[in-house]
Amino acid sequence: MAIKKYTLLLAVLVMLQLTGNAQTQTDWGWDWKDSSKVPTKSIPQYNEFLNNQFPYPPKPRSAWELGFSVGTGFVVGDRALFVKNSSGNGYTGGPVVSISLRKALGHVVSLRGAFSYSGISIPAYSKFNINVGSGYNNTVMASLDAIASINALSYYRGNPKMDWYVLGGYSIIATQVKARRPNGDLRLVPFPKSQTFATVQDLTLLHGVDVGAGVSFKLNNTFNIGFEQKFVVPMLFNDNLDGYVSRNPDTDFFSYTSIRLNINLGVKSK
């Protein structure tokens, strides 16, 4: 009986010790007592926090985040997606790659600029006794997106390893669409001038709206990986991205599914 009491007492002491450590040590990736990681403008809040005059420590300096992504892209339009038909297979899609730079504006919102390229194969299409040959869509984009964390990475409640987010923004789209003629030759698909804002050689320039969502997983204080789904919709009505204008025209748009690798830049001690 005495052994059980001593064992229980030892367990209680160990639990109290672990609780004390949890209150004084964090897994935030920074030490809240280290003033070198606090921006100058936040020093007053830092001093108030140390003197128990403010409930939260200030947010530490945030680094720029360099991101790389690779995935698959599709043009969602008039032609079948992933469905076999008499004229051939459904969309085979194509690769999409991008490089980005992101900066936090606060705990919840950040801005991300990105440059991307996609090369998408377009399958043959047959409907209403109309046969349309296969083709290609090659597109480059420059985008600026606002990203909002759903479960904000808050230093006030430890260091979450997973971050869900939504995004929205604007893209300049430079696209080139080619469709195959009956004789097998590829021809450049023209876009109505009312639906574009400029052309540069064989590239048609469009305004686009970005919407999407994703999730990232923190590996350490430098790297995180993520998964993202993004849609880019031309601002002006456009039914030419898949190389075919249907009898009842509707807007074609891009769908990009990608895996991301993000790297926090800068001196970690600042």
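Counting from 2, one number per residue, gives the positions in the sequence shown under our numbering.
No residue lacks a Cβ here, since even glycine has one placed at the ideal position from N, Cα and C.
Remember, it's a predicted structure, so these values are computed and weren't measured experimentally.
Excluding five sequence positions before and after SER70, the CB atoms of its chain that fall closer than 6 Å to its own CB belong to SER99, SER259 and ARG261, given in chain order. Excluding its 5 nearest sequence neighbours in each direction, ILE148 has C-beta neighbours in its own chain below 8 Å: ARG103, VAL110, SER111, LEU112, ARG113, TYR166, VAL167 and LEU168, listed in chain order. Boundaries of the alpha helix (DSSP H) around LEU51: 44-51. Taking the Cα positions, TYR171 is about 9 Å away from MET236. ASP203 is positioned such that its CB atom lies closer than 7 Å to that of LEU189. Cβ contact annotation for THR200 (same chain, cutoff 7 Å, sequence separation greater than five): LEU206, in chain order. Between the alpha carbons of PHE116 and PRO56 lies a gap of roughly 41 Å. Pairing THR197 with PHE255, the inter-Cα distance amounts to about 16 Å. When DSSP states are grouped into helix, strand and coil, GLN230 belongs to the strand group. Annotated three-state conformation of LYS194 is helix, per DSSP. By the Cβ-count criterion, THR176 is buried, with 16 or more other Cβ atoms from all chains shown falling within 10 Å of its own Cβ.
Setting aside the 5 residues that flank it on each side, SER150 is surrounded in the same chain by VAL109, ASP164 and TYR166, each with a C-beta closer than 6 Å to its C-beta; the list follows chain order.
With a 10 Å radius around the Cβ and a threshold of 16 neighbouring Cβ atoms, PRO45 comes out exposed. Comparing alpha carbon positions, the residue from SER122, ILE173, ALA105 and VAL212 closest to LYS231 is VAL212. In the DSSP secondary-structure assignment, ILE151 is not bridged to any residue. Here DSSP, grouped into helix, strand and coil, assigns THR41 to helix. The bridge partners DSSP lists for TYR118 are VAL98 and VAL141. Contact check for GLY227 against ALA180 fails: the beta carbons are separated by 7 Å or more. With respect to MET142, ILE121 sits apart: the two C-beta atoms are not nearer than 7 Å.
ARG80 and ARG182 have their alpha carbons spaced roughly 17 Å apart.
Nearest neighbour of PRO191 by Cα position, chosen from ALA214, LEU242 and PHE224, turns out to be LEU242. In this structure, the straight-line span from the alpha carbon of SER217 to that of VAL97 is close to 19 Å.
Positions of the beta strand (DSSP E) runs, each at least 3 residues long and wholly inside the region 201-231, are given as 204-219 in order along the chain.
Exposed is the label assigned to THR41, since fewer than 16 other Cβ atoms lie within 10 Å of its Cβ.
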